[in-house]
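S.K.: In full-length UniProt numbering, the protein residues as written are 1 to 260. In this text, a Cβ means the ideal position worked out from N, Cα and C, and glycines have one as well.
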């Protein structure tokens, strides 16, 4: 990364480094192997992951199966819960492009550039994220503060997108349309029919994440106790074989170490 005169961009680099360097004990957060500064450049050596779920969805052109999403949910909730519990940090940019997978079936959260410190469990700044994944309370100017439940909403949107293969706000041409739908319409949910056959436990989990009233939306401790989460936290799912099959069938090029 090249350090620039842009203070905001430089702060994002520092925040990302700070979080990953202090999260080496969490298996659900991508690891930093080291870094060095050669002004004006910052060189960061990261753990190699194969790709993000956004790229996987676009290249494969098929939804992600529920059992794989179970493992995505487990990894993401554990990572977010770890950040809150151990570092008092809110991610603020949960989306498919920030959830990574590798050939060993590991699923990890990345990109902490716009993460923020919580004060009395509240975030006081409105650093931008991607509009389609923003919780209603992050958009509403009458609600200047928000908490980790904004990331819970983003997880819900992410799961709907991965499960169906398309964004709930597909067809919106500008961010203003997306933000208006988030504020004024009913929240998205998993569809019935169209070849989809989701379990009731999965539907219930997503609906809880996408509860529009932030005061009724669950925090991480409640998500950890949901039947869908508990089942996949313990379940043996062959993520490795699924990933291999998808990559081979769609002829997707992955990040690999030389001669691997």
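If I measure Cβ to Cβ from residue 52 and keep anything under 6 angstroms in the same chain, skipping five residues before and after, which residues do I get?
M.R.: Hits under 6 angstroms: 97, 100.
S.K.: Given this structure, state the Cα-to-Cα distance separating residue 240 from residue 250, to the nearest angstrom.
M.R.: Looking at the two C-alpha atoms, the distance is approximately 16 angstroms.
S.K.: Go through the segment 173-218 residue by residue and report every complete run of the alpha helix (DSSP H) that reaches 4 residues or more, in order.
M.R.: Within the segment 173-218, the complete alpha helix (DSSP H) runs of at least 4 residues are 175-184, 200-209.
S.K.: Taking buried to mean at least 16 other C-beta atoms within 10 Å of its own C-beta, is residue 163 buried or exposed?
M.R.: It is buried - the Cβ of residue 163 has at least 16 other Cβ atoms within 10 Å.
S.K.: For residue 76, is the classification buried or exposed, using 16 other Cβ atoms within 10 angstroms of its Cβ as the cut-off for buried?
M.R.: By the 10 Å Cβ count, residue 76 comes out buried.
S.K.: So does the segment 67-83 actually touch the segment 148-166, counting three or more Cβ pairs closer than 8 angstroms?
M.R.: In short, these stretches touch, since the Cβ pair count reaches three.
S.K.: Please state whether the Cβ-Cβ distance between residue 146 and residue 95 is less than 7 angstroms.
M.R.: No, Cβ-Cβ distance for residue 146 and residue 95 is not below 7 angstroms.
S.K.: Whose CA, out of 45, 68, 47, lies closest to the CA of residue 56?
M.R.: Answer by Cα proximity: 68.
S.K.: May I ask you to list the residues that DSSP assigns as paired with residue 36?
M.R.: Residue 36 is bridged to 43.
S.K.: Say whether chain D places a C-beta atom closer than 7 angstroms to the C-beta of residue 240.
M.R.: No chain D is present in this structure, which holds just one protein chain.
S.K.: What number of angstroms, rounded off, separates the C-alpha of residue 280 from the C-alpha of residue 254?
M.R.: The displayed coordinates of the chain run from 1 to 260. Any statement about residue 280 would go beyond what the structure contains.
S.K.: Identify the residues that DSSP records as bridge partners of residue 100: which are they?
M.R.: BP columns for residue 100 point to 52, 108.
S.K.: DSSP has residue 68 in a bridge; who is on the other side?
M.R.: Its beta-bridge partners do not exist; DSSP assigns none.
S.K.: Are the Cβ atoms of residue 81 and residue 220 separated by less than 7 angstroms?
M.R.: Yes. Within cutoff.
S.K.: What is the rounded straight-line gap between the Cα of residue 195 and the Cα of residue 181?
M.R.: So the two alpha carbons sit approximately 26 angstroms from each other.
S.K.: With 16 as the cutoff for other CB atoms within 10 Å, does residue 135 come out buried or exposed?
M.R.: Looking at its Cβ environment, which holds 16 or more other Cβ atoms inside 10 Å, residue 135 is buried.
S.K.: What is the C-beta distance between residue 183 and residue 203, in whole angstroms, given that I count them as a contact (C-beta under 8 angstroms)?
M.R.: Residue 183 to residue 203, Cβ: 23 angstroms. No contact.
S.K.: Sorted by chain position, which residues of the same chain lie with C-beta nearer than 6 angstroms to residue 84's C-beta, five sequence neighbours on each side aside?
M.R.: 148.
S.K.: Which of the three DSSP states, helix, strand or coil, is assigned to residue 252?
M.R.: Looking at residue 252 - three-state DSSP - the assignment turns out to be coil, as it is neither helix nor strand.
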